[in-house]
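Chains as they are written, first to last, in my numbering: chain W, 22 to 250; chain V, 1399 to 1717.
Below you'll find the structure, written out as structure tokens, and then a few comments.
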Amino acid sequence: MSVLRFDNVSKQYAGGHVALSDVSFEVQPGEMLFVTGHSGAGKSTLLKLIHLAERPSRGAVLFGERNLRKVHGSRVSMHRRQVGVVFQDHRLLTDRSVYDNVALPLILRGIRRGEIGKRVRSVLDKLGLAARERALPTQLSAGEQQRVGIARAIVAEPALLVADEPTGNLDPTLSAEIMALFASLPERGTSVMVASHDLGLVKRMKKRVLVLDHGQLADDISPEDLADA
Amino acid sequence: MDSAMRRARPGVFGRLGTWVDHHVYSFVASLGRIARKPWSTLLTVGVMAIALALPLGLWLVLANVARFSGDVQQSREVSVFLQPRVTLPQAQALAQTLRGRGDIGNVELRTPAQGLAELRAGGLGDAIDAAGSNPLPSVLIVTPKGDETLLVASLQRLPEADLVQHDAVWRQRLDGWLRFGYRLALVLGVLLGLGALLVVGNTVRLDIQSRREEIEVLQHLGATDGFIRRPFLYLGAWYGLMAGAFAIGLLTLAAMALRGPLSDLATGYGSRFTLAGLDPAMAAAVVVAAAFLGWLGAGAVTGHFLRQTRPAPAGRESR
């Protein structure tokens, strides 16, 4: 069964702007794919529909067997715990340490303190942040901050990780590091969906690519087709 | 899905531990917010404390006035001056009869001899001596148990009664003023309590605004409304608790400042009246009520904010 399925999904904002129009696709467990397109093509809206920051105007978004149209009240937060989100601007809590930021998803899930410590340190170690766990986000470089954001998104081992322009503010070397990190996640069963307008980066990763154009799914390119392109 | 997390999820006792952990987290977070903004906290608590202290102070003044009027119990007493022909044994018998009535609390007999002694003590001995024999009648001091007006009418019908004296008017007026004062304190309490509620609500609203991004992040990470609301509820309760304690402190200082001069004034009138402050139980109740008020204000504002940030139902256009 797919992790995520969009069935003819449309999203129209107040004022009439159509952000998505009849978009359909599926994401399989352990798959990594990119969503690309020009600015305003609907990439961010698509990701927002996945973690229920927005709801579709028409069509269905299915997360596993769950139709997200029918998710309301406290179930919204339960759903969000199964989707890791990485933001372009990191969105770290600046008055809390790296450790506390990364521990948040585990605290929300009611994981025991001892277990939280183990998991947080394990993820920080993997991302090369072990020595920075007591630092405040403001004391970190942009690359480190983004890695903390990723650590926070993956520490609870979500079924799906969505990242909105995660390398937008990073230099090419750091961007490649972050992408390599994302590429390693499917091995652990986490599907990864990255929105990026950096076509060069997308091509280099050789993963499936969804191309959005004015809210419509213009193309769905497999890794093989991308290699041939 | 999310199976690793599900495996790590605790059982019933573990969930109780989690619930405690979340409360400890919120408790510490709320204290941190207070510590980070000491001046803002002081201002909020100060305004709330004054809003609480005003009606509470009025209520205390009224309680003291009521206590004082209770001390001057004789204002309720009815003096029955018996006719001069009524002998002392007859007066004693009448007093005994009246003591058996249901509408009478107590009857005290003042004999002509006692009356004479009181007058002598008051410096009127020479005038009494000039009158020759003792002209004073026996007097029954009757303490009513029920309706004073009916009792006075009944006593006036006694054949032995010469004059029935009962100055009830000022007492009724005082009671009227006291009732009005208590009602005024209640109205002020409600209005200023509402003011305190709004002060907390506004402070928490500003705190929410300044932490909007943080709240959004928590929501994206899957925080429940309860998790987001809890630190603000604690914050409101802290404000209320501190304001309640501050208000009691202010009233205690005011009572200390007034107690001495008032005691001197009372002594000048032959009274041992002293100003009473809040007893510990009442003070504790005030602090708890103020904390509840703060919690309520914070809850209302946070609830409103959370309702606004929920994703719109499917099909409805969002902005």
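Every residue, glycine too, gets a C-beta built ideally from N, C-alpha and C.
Next item on the list: Go ahead and pull the three-state DSSP assignment for residue 1471/V.
Entry: The residue labelled residue 1471/V in the question sits at position 73 within the second sequence. No answer about residue 1471/V holds up, because its pLDDT of 49 lies below 50 and its placement is not dependable.
Notebook entry, point to check: Taking Cβ positions only, does residue 1717/V come closer than 9 Å to chain W?
Noted result: Numbered from 1 along the second sequence, position 319 holds the residue referred to as residue 1717/V. Below a pLDDT of 50, predicted positions are generally treated as unreliable, and residue 1717/V, at 47, falls in that range; the measurement from the model is reported next regardless. Yes, residue 1717/V counts as interfacial toward chain W.
Checklist line | Chain-ordered chain V contacts of residue 128/W [CB-CB under 8 Å] | finding: Stepping through the first sequence from its first residue, residue 128/W is reached at position 107. By Cβ distance, chain V contributes 1419, 1420 and 1423.
Notebook entry, point to check: First and last residue of the alpha helix (DSSP H) that includes residue 45/W?
Noted result: By 1-based counting over the first sequence, the position of residue 45/W is 24. Element bounds for residue 45/W: not the alpha helix (DSSP H) but the beta strand (DSSP E), 39–48.
Notebook entry, point to check: What is the DSSP secondary structure of residue 53/W, reduced to helix, strand or coil?
Noted result: In the first sequence, counting from the first residue as 1, residue 53/W sits at position 32. Note: residue 53/W maps to strand in three-state DSSP.
Notebook entry, point to check: Under 9 Å, do residue 224/W and residue 204/W count as touching if we go by C-beta distance?
Noted result: Position 203 of the first sequence, counting from 1, holds the residue named residue 224/W. Position 183 of the first sequence, counting from 1, holds the residue named residue 204/W. Contact flag unset, no.
Next item on the list: Kindly list the residues whose CB is nearer than 8 Å to the CB of residue 1437/V, restricted to its own chain and excluding five residues on each side of it in sequence; keep chain order.
Entry: The residue you call residue 1437/V lines up with position 39 of the second sequence. Closer than 8 Å at Cβ, skipping near neighbours: no residue.
Check: In chain V, what lies closer than 9 Å to residue 99/W by C-beta?
Finding: For the purposes of this step, residue 99/W is identified with residue 78 of the first sequence, where counting begins at 1. Correct list: 1620 and 1622.
Margin query: Spatial neighbours of residue 181/W within its chain, please: C-beta separation below 8 Å, excluding the five flanking residues on both sides.
Written below: For the purposes of this step, residue 181/W is taken as residue 160 along the first sequence, with counting starting at 1. 24, 25, 48, 71, 84, 103, 104, 105, 211, 212, 213 and 214.
Item checked: Within-9 Å CB hit, residue 83/W to chain V -> Counting from one through the first sequence, the residue named residue 83/W turns up at place 62. No, residue 83/W lies away from the interface with chain V (no Cβ there is under 9 Å from its Cβ).
Checklist line | residue 146/W: first and last residue of the uninterrupted beta strand (DSSP E) it sits in | finding: What you label residue 146/W is simply residue 125 of the first sequence in a count that begins at 1. Premise fails: residue 146/W lies in the alpha helix (DSSP H), 134–147, not in any beta strand (DSSP E).
Item checked: Boundaries of the beta strand (DSSP E) in which residue 1504/V is found, first to last residue -> For this step, residue 1504/V is matched to residue 106 along the second sequence. Start and end: 1502–1508.
Next item on the list: Use the C-beta contact count for residue 1640/V: other C-beta atoms within 10 angstroms, 16 or more gives buried, fewer gives exposed.
Entry: Residue mapping note: residue 1640/V aligns to position 242 of the second sequence, counting from 1. With 16 or more Cβ atoms within 10 Å of its Cβ, residue 1640/V is classed as buried.
Margin query: For a cutoff of 9 Å on Cβ pairs, would you count residue 202/W as touching chain A?
Written below: The displayed structure is made up of protein chains W and V, and chain A is not among them.
Margin query: Which of the three DSSP states is assigned to residue 92/W in this structure?
Written below: To locate residue 92/W, count along the first sequence from 1; it is residue 71. Coil at residue 92/W, not helix or strand.
Check: Given residue 46/W, which residues of its chain have a CB within under 7 Å of its CB, disregarding the five upstream and five downstream residues?
Finding: Counting from 1 along the first sequence, the entry for residue 46/W is found at position 25. Cβ within range, chain order: 27, 231, 238 and 241.
Notebook entry, point to check: DSSP three-state call for residue 1629/V: helix, strand or coil?
Noted result: As a first step, residue 1629/V is located in the second sequence; it is residue number 231 there, counting from the start. Here residue 1629/V sits in helix by DSSP.
Check: Relative to the C-alpha of residue 1608/V, which residue among 1434/V, 1416/V and 1413/V is closest?
Finding: Here the question's residue 1608/V lines up with position 210 in the second sequence. Nearest of 1434/V, 1416/V and 1413/V to residue 1608/V, Cα basis: 1434/V.
Margin query: If you reduce the DSSP assignment to three classes, tell me which class residue 9/W lands in.
Written below: Because residue 9/W is not part of the residues shown, which for chain W are 22 to 250, the question remains open.
Next item on the list: Determine whether the Cβ of residue 1416/V lies closer than 9 Å to any Cβ atom of chain W.
Entry: The sequence position of residue 1416/V within the second sequence is 18, counting from 1. Output row for residue 1416/V: interface = yes.
Check: So, does the CB of residue 43/W fall closer than 9 Å to a CB anywhere in chain V?
Finding: Within the first sequence, the letter at position 22 stands for residue 43/W. Residue 43/W does not count as touching chain V.
Next item on the list: At 8 Å on the CB atoms, spell out the chain V contacts of residue 106/W, in chain order.
Entry: The residue you call residue 106/W lines up with position 85 of the first sequence. Within chain V, the residues near residue 106/W are 1618 and 1619.
Checklist line | Reduced DSSP category for residue 1600/V - H, G, I as helix; E, B as strand; rest coil | finding: Sequence index remark: in the second sequence, residue 1600/V carries index 202 (1-based). Of the three classes helix, strand and coil, the one that applies to residue 1600/V here is helix, per DSSP.
Check: Is it true that the region 148–166 of chain W meets the region 106–123 of chain W, where meeting means three or more beta-carbon pairs spaced less than 8 Å apart?
Finding: yes
Note to self: Determine whether the beta carbon atoms of residue 89/W and residue 119/W lie at a separation below 9 Å.
What the structure shows: Working through the first sequence from its first residue, we reach residue 89/W at position 68. Working through the first sequence from its first residue, we reach residue 119/W at position 98. No, the Cβ-Cβ distance between residue 89/W and residue 119/W is not below 9 Å.
Item checked: Pairwise C-alpha distance: residue 1506/V and residue 1489/V -> As a first step, residue 1489/V must be located in the second sequence, where it is residue number 91. As a first step, residue 1506/V must be located in the second sequence, where it is residue number 108. Going by the C-alpha atoms only, they are around 11 Å apart.
Item checked: Between the CA atoms of residue 1691/V and residue 1465/V - distance to the nearest angstrom -> Along the second sequence, read from residue 1 onward, the residue named residue 1465/V stands at position 67. Along the second sequence, read from residue 1 onward, the residue named residue 1691/V stands at position 293. Taking the straight line from one Cα to the other gives about 29 Å.
Check: Name the chain W residues that come within less than 8 Å of residue 1630/V, Cβ to Cβ?
Finding: For the purposes of this step, residue 1630/V is taken as the residue at position 232 of the second sequence. What residue 1630/V touches in chain W: nothing, since even the nearest Cβ is about 16 Å away.
Next item on the list: Buried or exposed for residue 1577/V, please, with buried defined as at least 16 other CB atoms from any protein chain shown within 10 angstroms of its CB.
Entry: By one-based count along the second sequence, residue 1577/V stands at place 179. So residue 1577/V ends up on the exposed side.
Next item on the list: Would you tell me roughly how many angstroms separate the C-alpha atoms of residue 1479/V and residue 1670/V, rounded to the nearest one?
Entry: For the purposes of this step, residue 1479/V is taken as the residue at position 81 of the second sequence. For the purposes of this step, residue 1670/V is taken as the residue at position 272 of the second sequence. If I take the Cα positions, the gap works out to 29 Å.
Next item on the list: Find the residues of chain V that neighbour residue 251/W, judging by a C-beta separation of less than 7 Å, and give them in chain order.
Entry: There is no way to answer for residue 251/W, as the model of chain W reaches only from 22 to 250.
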